[in-house]
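Colleague: Next up is a structure, given as C-alpha cells.
There are 2 protein chains.
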Amino acid sequence: MTREAGRRDRLRATAVEAGLDAVLVTNLLNVRYLTGFTGSNGALLLRADGDDVFGTDGRYTTQAGVQVPGLELLIDRATVPALAVRAAHLGTGRLGYESHDVTVDGLHTLEGVLADAATGGTVPELVSIRRAVETLRAVKDDAEVQALRRACAVADQALAELAAEGALRPGRSELQVGRELDARMLALGAEAPSFETIVATGANSAIPHHRPDGTVLAGGDFLKLDFGATVDGYHSDMTRTLVLGHAADWQQEVYSLVVAAQAAGRAALAVGADVRVVDAAARNVIAAAGHGEHFTHGLGHGVGLEIHEAPSIAAAGEGRLAAGMAVTVEPGIYLPGHGGVRIEDTLIVTDGEPELLTLTSKELLVL
Amino acid sequence: MTREAGRRDRLRATAVEAGLDAVLVTNLLNVRYLTGFTGSNGALLLRADGDDVFGTDGRYTTQAGVQVPGLELLIDRATVPALAVRAAHLGTGRLGYESHDVTVDGLHTLEGVLADAATGGTVPELVSIRRAVETLRAVKDDAEVQALRRACAVADQALAELAAEGALRPGRSELQVGRELDARMLALGAEAPSFETIVATGANSAIPHHRPDGTVLAGGDFLKLDFGATVDGYHSDMTRTLVLGHAADWQQEVYSLVVAAQAAGRAALAVGADVRVVDAAARNVIAAAGHGEHFTHGLGHGVGLEIHEAPSIAAAGEGRLAAGMAVTVEPGIYLPGHGGVRIEDTLIVTDGEPELLTLTSKELLVL
Chain G
1 MTREAGRRDR
11 LRATAVEAGL
21 DAVLVTNLLN
31 VRYLTGFTGS
41 NGALLLRADG
51 DDVFGTDGRY
61 TTQAGVQVPG
71 LELLIDRATV
81 PALAVRAAHL
91 GTGRLGYESH
101 DVTVDGLHTL
111 EGVLADAATG
121 GTVPELVSIR
131 RAVETLRAVK
141 DDAEVQALRR
151 ACAVADQALA
161 ELAAEGALRP
171 GRSELQVGRE
181 LDARMLALGA
191 EAPSFETIVA
201 TGANSAIPHH
211 RPDGTVLAGG
221 DFLKLDFGAT
231 VDGYHSDMTR
241 TLVLGHAADW
251 QQEVYSLVVA
261 AQAAGRAALA
271 VGADVRVVDA
281 AARNVIAAAG
291 HGEHFTHGLG
301 HGVGLEIHEA
311 PSIAAAGEGR
321 LAAGMAVTVE
331 PGIYLPGHGG
341 VRIEDTLIVT
351 DGEPELLTLT
361 SKELLVL
Chain F
368 MTREAGRRDR
378 LRATAVEAGL
388 DAVLVTNLLN
398 VRYLTGFTGS
408 NGALLLRADG
418 DDVFGTDGRY
428 TTQAGVQVPG
438 LELLIDRATV
448 PALAVRAAHL
458 GTGRLGYESH
468 DVTVDGLHTL
478 EGVLADAATG
488 GTVPELVSIR
498 RAVETLRAVK
508 DDAEVQALRR
518 ACAVADQALA
528 ELAAEGALRP
538 GRSELQVGRE
548 LDARMLALGA
558 EAPSFETIVA
568 TGANSAIPHH
578 RPDGTVLAGG
588 DFLKLDFGAT
598 VDGYHSDMTR
608 TLVLGHAADW
618 QQEVYSLVVA
628 AQAAGRAALA
638 VGADVRVVDA
648 AARNVIAAAG
658 HGEHFTHGLG
668 HGVGLEIHEA
678 PSIAAAGEGR
688 LAAGMAVTVE
698 PGIYLPGHGG
708 VRIEDTLIVT
718 DGEPELLTLT
728 SKELLVL
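Heads up: the sequence lines are chains G and F, in that order.
Using our numbering, read the first sequence as starting at 1 and increasing by one per residue.
Using our numbering, read the second sequence as starting at 368 and increasing by one per residue.
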C-alpha cells in the first residue's frame, strides 16, 4: 500500500464514522497529500466503498497516470463539478465536502449539478467535513519528516554559505541579501523559497514581517533573516538574528532573553502538551524581564505542505501536541524604532526530546 | 489622486450603480490592486460615501501605514469579520462581497458577526459583486504595463544569458536548466518565477505542462521552455521551443506551422475582437494542416497580478478585447511520444498593433 493509500484509508474511516458515503476533496494540498498529485488542478472523490476517483483536466492526463496510478481517472475541465456528477450517478446519499475550501459560488455550482445529475433519484446531501484532512496532515509520517529535514538542511546550508562568503556585510542592501539567499536555496535544490524571505536590518528588524527593501546593512545593526526552503512540497522555516560588527549591551541583553525564551519553548514541546502552555513557557520568560508587550505574535505554528498549518502554538490556540507534529518555535522581542530579535527553529515533536531540524547555531553571530 | 484611489473610485461607481452601500473586498490580489498593500493578510471595506477602511493584522501595522496611507486602518487578527462588524456599525444596508473568494465557512462567519453586530438595528444584507474587481483588472494602466514590460524583459534576458553561456546543451537535465533559469531571473531582479518553470525535452515536449525531471537533453531533441518572471507582482509568460543540434524535417515543419499560427493569433488581437475569433485565427492555421487534434488547449489568457486572469482567449471564451488588456498568445502542436512545440508571447492590446512585450526571437533556434 502506498503512503497515499494509507492516508485515504484514514480519511475513509473518519468519513464512514460520520455517516458519509463519499467525500469530495477539493483543497489542492489536501488532494496532493491524499493522492501524490502535484499539478495545479485536481480533486478527489473518496468513497466509503474504497473505489476512489481522481479528477483533473487534459493538461495533466500523463502526469496523473504517473502520480496517481491505481485510481479511476476522470478528465474534465470543470473537474470538481464533474466529480460531483459522478458521485450523484453512483447513488451517493451523503457527500462530504470541504466548506473551508469551497467558495460560495462553488457551492452553488455543486448544488446545481447535483440536482441536475440526480434527475428522478435522490439529490446527494452536501455535508461539511470541516478540516478533517488538515487534522490528519498535522502529524507527519516518515517520508514527510524526511522532506522537512531536507528542506531545513537547504536553508541551513544556504545561510552558512552566504555568511562564509562575506555576503552579509555592511554596505549591501536587504534586497540583495534576500535575493542571494533565495538563489542559493534554489541552487541547493529547493523548489522555491518557503515564503517571501524576510531580511530586516537596523530599525527594520523591529518590524516582525518587514519586507526587504533598499535599506543598507550598517555596522552595529541587527540583521534578522527569516526564510525557508521548499523541498518535495514541504516547507522549512527558520529565523536567525545576527549583529554586524560590535554588539552593544542592549543588543546582547535582548538577544540572550530571546535565546532563553526560545529554549524554554523548545523544552515545553512534549506529547500531550497544551499549545497554550507551550506558548506560555516562552512568553513568561520574556514577560518576566518586562518585555511582554514587545512579543506581539504567537510562539509557533505547524509546518508542512503549507508554511502555516495546524497546530497553532499561541495564547489563543487550541489542542495538544502529538508525536510527529512539525512545528516552529519563534519568540521575538521588537523595540520599535530601535531593533528586534527573533529566533526560530523547525522541530518534530517526539515521545522524547523534540528533533531539531534547523541546525544553524543560535549563538549570537557577530559578523 | 493615487492610482489605487482611482481604481477604488471605479469600483465605487459600479457598487453605487448596483445599489450597494459598501463592498467587502477579500481577494488578496484585488485588495492589492485597490490599495497597494502587498502583505499576506488584508481586506478592504469600500464605502459608497468614500470613507474606505483598510483592515489587516498587527504584523502589518507599519507596512499598512506606508503602503495604504490616507485610509482608515483597522487592525484585527480576524480581519474580515472585524471589517464586517465595522460595516454593520456604520449602518450599511446592502453589503457587497466576493462570492468567488469567500468560502462557505467564511460566509457563515460573516452572517454570524453581522447578526450579532446589528443588535436592534437592521442586519446588513450580503450581496455578491461577482468578479467586478477582476473585470477592472483586465485592463491595465500605464504603471501595470510598465511592470509587465520589466517582467518580460527579465525573462528575455535570463534566457539570452543561459543560451549565450551554453547552459542549454546535451547532457544537462531538465531540472538543472529549470533551476538555472529561475536563479537567473531572481538575479536579474524578479521577485519569483511566475509559475513552476516548464523545461521539457524530447518526448516530454509533447506534454503541454511537463514538470522538469532528471531527463537529460540530447542532440536532435526539441527543448521547450515555458517560464516567466514576477516583477512588482506582475507576471510575464513566454514559451520558446529550440532544437539541440540538427533539426529534422518534421521538426522544421511543426515549428513553422506553430510560428504561422502564433503570428495569425497575434494579428487577430484588436480592440473589439471576440476572444473566440482570436482563438480561431490561430487554431484554423493548425487545423488546416491536419493538426487540429494536436492543439489541445486554449490560445491564450490574460496576465497581470495573476498568471492566469481575464480574458480567456479560447473556443469556449466569452467577451471582447479592449485596449490595455495584457494577454498571451500561445498555440502549440503536441505529437505524443515524439515531441511538441509551443510558442508564446505576452502582449498588450492597443488601438493599433498589439505591443509585444516578450522580445526573444521566434526564429527556430538550433543550439
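Heads up, the beta-carbon is just placed ideally off N, CA and C, and yes, glycines get one too.
1) Using beta carbons (cut-off 8 Å, strictly below), is S466(F) in contact with chain G?
2) So, with DSSP's three-state summary, where would you put T446(F)?
3) Under three-state DSSP, which class holds S540(F)?
4) State the Cα-Cα distance for the pair P331(G) and G425(F), rounded to the nearest angstrom.
5) Quick test of your reading: S561(F) and H602(F), contact by CB under 8 Å. State the CB separation rounded to the nearest angstrom.
6) Considering only residues of the stretch 590-664 of chain F, which uninterrupted beta strand (DSSP E) runs meet the minimum length of 3 residues and lie entirely inside it, listed in chain order?
7) Closer than 8 Å, CB to CB, is D105(G) near chain F or not?
8) Going along the chain, which unbroken runs of the beta strand (DSSP E) with 3 or more residues stay wholly within the stretch 380-405 of chain F?
9) Using a cut-off of 8 Å between C-beta atoms, extract the partners of Y60(G) located in chain F.
10) Under 8 Å between C-beta atoms, does A689(F) make it to chain A?
11) Whole angstroms is fine: what's the gap from N588(F)'s alpha carbon to L529(F)'s?
12) Going by the DSSP bridge assignment, what does E309(G) pair with across the sheet?
13) Can you tell me whether T358(G) is buried or exposed? The criterion is at least 16 other CB atoms within 10 Å of its CB, across all chains shown.
14) Could you check what DSSP says for M552(F) in three-state terms: helix, strand or coil?
15) Reducing DSSP to helix, strand and coil, say where G93(G) ends up.
16) Considering only the alpha carbon of each residue, which of G639(F), L450(F) and T582(F) lies closest to V716(F)?
17) Look up R320(G) in the DSSP assignment and give the residues it is bridged to.
18) Okay, do the stretch 141-159 of chain G and the stretch 105-125 of chain G touch, 3+ Cβ pairs below 8 Å being the bar?
19) Who are the Cβ neighbours of G386(F) in its own chain at under 7 Å, not counting the five residues just before and after it?
20) Say whether chain G places a C-beta atom closer than 8 Å to the C-beta of D604(F).
21) With DSSP collapsed to three states, give me the class of E711(F).
22) Since V303(G) contacts A326(G) with CB under 8 Å, what's their CB separation in whole angstroms?
23) In angstroms, rounded to a whole number, what distance separates the CA positions of E465(F) and V500(F)?
24) Specify, as a first and last residue, the run of the beta strand (DSSP E) that T56(G) falls within.
25) Looking only at C-alpha atoms, which of V243(G), P311(G) and D249(G) sits nearest to R276(G)?
26) For A206(G), which residues in the same chain have their Cβ closer than 7 Å to its Cβ, ignoring the five residues on either side in sequence?
27) Just to confirm my understanding: we take A264(G), look at its own chain, exclude 5 residues before and 5 after, and list those with CB closer than 7 Å. What are they?
28) Helix, strand or coil for L412(F)? Go by DSSP, reduced to three states.
29) Indicate the three-state DSSP secondary structure (helix, strand or coil) for E355(G) in the structure shown.
30) Bridge partners for L493(F) per DSSP, in chain order?
31) Mind reading off the beta-carbon distance from E344(G) to T328(G)? Whole number of angstroms is fine, and I expect it under 8 Å.
32) Applying the 10 Å Cβ sphere with the 16-neighbour rule, what's the burial state of H246(G)?
33) Are there three or more Cβ pairs, one per stretch, closer than 8 Å when the stretch 174-185 of chain G is compared with the stretch 312-319 of chain G?
34) Would you mind telling me which residues of chain G sit closer than 8 Å to L553(F), beta carbon to beta carbon, in chain order?
35) Taking 8 Å as the threshold (beta carbon to beta carbon), is A661(F) in contact with chain G?
36) Please identify, using Cβ separations under 7 Å, the residues of the stretch 300-316 of chain G that lie next to chain F, in order along the chain.
Modeller: According to the data block:
1) Locating residue 466(F) in the second sequence gives position 99, where the first residue counts as 1. Chain G, which has a Cβ nearer than 8 Å to the Cβ of S466(F), makes this yes.
2) As a first step, residue 446(F) is located in the second sequence; it is residue number 79 there, counting from the start. In the structure shown, T446(F) sits in a helix (DSSP, three-state: H, G or I).
3) Residue 540(F) sits at position 173 when you count from the first residue of the second sequence. S540(F) sits in a strand when the DSSP states are folded into three classes.
4) Counting from one through the first sequence, the residue named residue 331(G) turns up at place 331. Counting from one through the second sequence, the residue named residue 425(F) turns up at place 58. When rounded, the distance between both Cα atoms is 15 Å.
5) Stepping through the second sequence from its first residue, residue 561(F) is reached at position 194. Stepping through the second sequence from its first residue, residue 602(F) is reached at position 235. Contact between S561(F) and H602(F) holds: CB atoms are separated by about 4 Å, below the 8 Å threshold.
6) The stretch 590-664 of chain F contains these whole beta strand (DSSP E) runs: 596-598 and 605-610.
7) Within the first sequence, numbered from 1, the residue matching residue 105(G) stands at position 105. Taking 8 Å as the threshold, the shortest C-beta distance from D105(G) to chain F falls below it.
8) If you keep only unbroken beta strand (DSSP E) runs of at least 3 residues inside the stretch 380-405 of chain F, you get 389-392.
9) The sequence position of residue 60(G) within the first sequence is 60, counting from 1. Within chain F, the residues H576 have their CB atoms less than 8 Å from the CB of Y60(G), given in chain order.
10) Looking for chain A here will not work: the only protein chains present are G and F.
11) Reading the second sequence from its first residue, position 221 is the one you call residue 588(F). Reading the second sequence from its first residue, position 162 is the one you call residue 529(F). Looking at the sequence shown, residue 588(F) is not Asn but Asp. Whole-angstrom Cα-Cα distance: 18 Å.
12) The sequence position of residue 309(G) within the first sequence is 309, counting from 1. Its beta-bridge partners are G302(G).
13) Your numbering for residue 358(G) matches position 358 in the first sequence. It is buried - the Cβ of T358(G) has at least 16 other Cβ atoms within 10 Å.
14) For the purposes of this step, residue 552(F) is identified with residue 185 of the second sequence, where counting begins at 1. M552(F) falls in the helix class under three-state DSSP.
15) As a position in the first sequence, residue 93(G) is number 93, starting the count at 1. DSSP places G93(G) in coil when its eight states are reduced to three.
16) Within the second sequence, residue 716(F) is the residue found at index 349, counting from 1. When only C-alpha atoms are compared, the closest one is G639(F).
17) Along the first sequence, one-based indexing puts residue 320(G) at 320. The partner list for R320(G) (beta bridge, DSSP) reads D274(G).
18) These segments do not touch.
19) Within the second sequence, numbered from 1, the residue matching residue 386(F) stands at position 19. Correct list, in chain order: R461.
20) Counting from 1 along the second sequence, the entry for residue 604(F) is found at position 237. It does not; no Cβ of chain G falls within 8 Å.
21) Sequence index remark: in the second sequence, residue 711(F) carries index 344 (1-based). If DSSP states are grouped into helix, strand and coil, E711(F) belongs with the strands.
22) Translated into the one-based positions of the first sequence, residue 303(G) becomes position 303. Translated into the one-based positions of the first sequence, residue 326(G) becomes position 326. Correct: roughly 5 Å between the Cβ atoms.
23) Along the second sequence, one-based indexing puts residue 465(F) at 98. Along the second sequence, one-based indexing puts residue 500(F) at 133. If I take the Cα positions, the gap works out to 9 Å.
24) Along the first sequence, one-based indexing puts residue 56(G) at 56. The continuous beta strand (DSSP E) containing T56(G) extends over residues V53 to T56.
25) One-based indexing of the first sequence puts residue 276(G) at position 276. Selected option, being the one with the closest Cα: P311(G).
26) Your numbering for residue 206(G) matches position 206 in the first sequence. The beta carbon of A206(G) is closer than 7 Å to those of Y334, L335, P336, G337, H338, G339 and G340 in its chain, skipping five residues each way along the sequence.
27) Counted from its first residue, the first sequence places residue 264(G) at position 264. Only residues of its own chain outside the window of five on either side were considered, and among them A281, A282 and V285 have a CB closer than 7 Å to the CB of A264(G), listed in chain order.
28) Start at 1 with the first residue of the second sequence, and residue 412(F) comes out as number 45. Three-state result, L412(F): strand.
29) Position 355 of the first sequence, counting from 1, holds the residue named residue 355(G). Note: E355(G) maps to strand in three-state DSSP.
30) The residue labelled residue 493(F) in the question sits at position 126 within the second sequence. By DSSP's assignment, L493(F) forms a beta bridge with L462(F).
31) Sequence index remark: in the first sequence, residue 344(G) carries index 344 (1-based). Sequence index remark: in the first sequence, residue 328(G) carries index 328 (1-based). At roughly 5 Å, the Cβ-Cβ gap stays under 8 Å, so E344(G) and T328(G) are in contact.
32) Taking the first sequence and counting its residues from 1, one reaches residue 246(G) at position 246. The residue is exposed, with fewer than 16 neighbouring Cβ atoms inside 10 Å.
33) No, because fewer than three Cβ pairs between the stretch 174-185 of chain G and the stretch 312-319 of chain G fall closer than 8 Å, the two stretches do not touch.
34) The count along the second sequence starts at 1 and reaches residue 553(F) at position 186. Those within 8 Å of L553(F) in chain G are R179, D182, A183 and L186.
35) Residue numbering aside, residue 661(F) sits at position 294 when the second sequence is read from its first letter. Just to set this straight, residue 661(F) is His in the shown sequence, not Ala. No - not a single Cβ of chain G is within 8 Å of the one on H661(F).
36) Within the stretch 300-316 of chain G, no residue has a Cβ that lies closer than 7 Å to any Cβ of chain F.
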